[in-house]
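Reviewing the structure listed below.
Residue numbers (full-length UniProt numbering): 1 to 61.
Listed below in structure tokens is the structure:
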């Protein structure tokens with residue numbers, strides 16, 4: 001299963017650890033694949049994506 005993660009932008013305390021937890025748990029426990037959309041809603045409209053895997057979120061809080 002592929003899951004896209006979209007945020008509205010701006011500072012939001014706790015958002016990085018939440019995304020990290022989703023990616024680590026989803027990848028390791030369920031084999032899910034994650035994509036991050038850049039620049040809010042512009043990301044899905046213009047296909048501005050980045051893969052989110054264990055290595056890309058490893059150093060996040």
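Built from N, CA and C at the ideal position, the CB exists for glycine as well.
Own chain, CB closer than 6 Å to residue i, minus 5 neighbours either side, in chain order
i          : result
residue 60 : 16, 20
residue 44 : 37
residue 3  : 32, 34
Residue i burial status per 10 Å Cβ neighbour count (16 or more: buried)
i          : result
residue 52 : buried
residue 23 : buried
residue 64 : In the structure as shown, the chain starts at 1 and stops at 61, and residue 64 therefore has no counterpart that could be examined.
Per-residue DSSP class, three states only, for residue i
i          : result
residue 7  : coil
residue 40 : coil
Boundaries of the alpha helix (DSSP H) in which residue i is found, first to last residue
i          : result
residue 21 : 15 to 30
Cut-off 8 Å between Cβ atoms - residues of its own chain near residue i, not counting five sequence neighbours on either side
i          : result
residue 49 : 4, 35, 36, 37, 38, 43
Endpoints, beta strand (DSSP E) assigned at residue i
i          : result
residue 50 : 49 to 52
Cβ-based neighbour list, residue i, same chain, cut-off 7 Å, excluding 5 preceding and 5 following
i         : result
residue 8 : 40
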